[in-house]
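Heads up: the structure comes next, in structure tokens.
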Amino acid sequence: MHSEGRTRVLVYGDLTVRATPENSGVRTEIEVANTYERRATYSVQISIADGAGWTAYNRFWLQDVPPGKTGRDDALIGSKDMGPVPQVPKIYVDEFTPVVDRK
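Remember, the numbering used here sits 8 above the position in the sequence shown when you count from 1.
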């Protein structure tokens, strides 16, 4: 994991996750490069935490990503109602499941 300004970045194989603190939660962006020879759908669950009790998660579905292309999605994870938004968010990949189309 490394930082790009206020954004924390985690690279996990073909998956890249970026987490940027905002006033009302953590903006979380995912990118998955489809390295398969067929279309693929990805189920990805990401947790964001502060290491002191604040934890929130989201499940992303990237459907029908063509071979050689990158699927992208983003979401605001958590809320300020949960307590102070982590300013240096910790990123966890809870699930990363590719489902590749059959011929």
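Ideal Cβ placement from N, Cα and C applies to all residues, glycine included.
In angstroms with no decimal places, state the Cα-to-Cα distance between residue i and residue j.
i, j, result
"S55", "Q71", "20 Å"
"R24", "E39", "One detail in the question is off: residue 24 reads as Thr in this sequence, not Arg. Looking at the two C-alpha atoms, the distance is approximately 5 Å."
"E37", "R67", "12 Å"
"V93", "I99", "14 Å"
What residues are listed by DSSP as bridge partners for residue i?
i, result
"P106", "Y50"
"D82", "E37"
"N66", "I54"
"P29", "V34"
"R16", "S11 and A27"
"K98", "A57"
"V73", "A48"
Can you tell me whether residue i is buried or exposed? The criterion is at least 16 other CB atoms within 10 Å of its CB, across all chains shown.
i, result
"G79", "buried"
"A27", "buried"
"R16", "buried"
"V73", "buried"
"G13", "exposed"
"V96", "exposed"
"V34", "buried"
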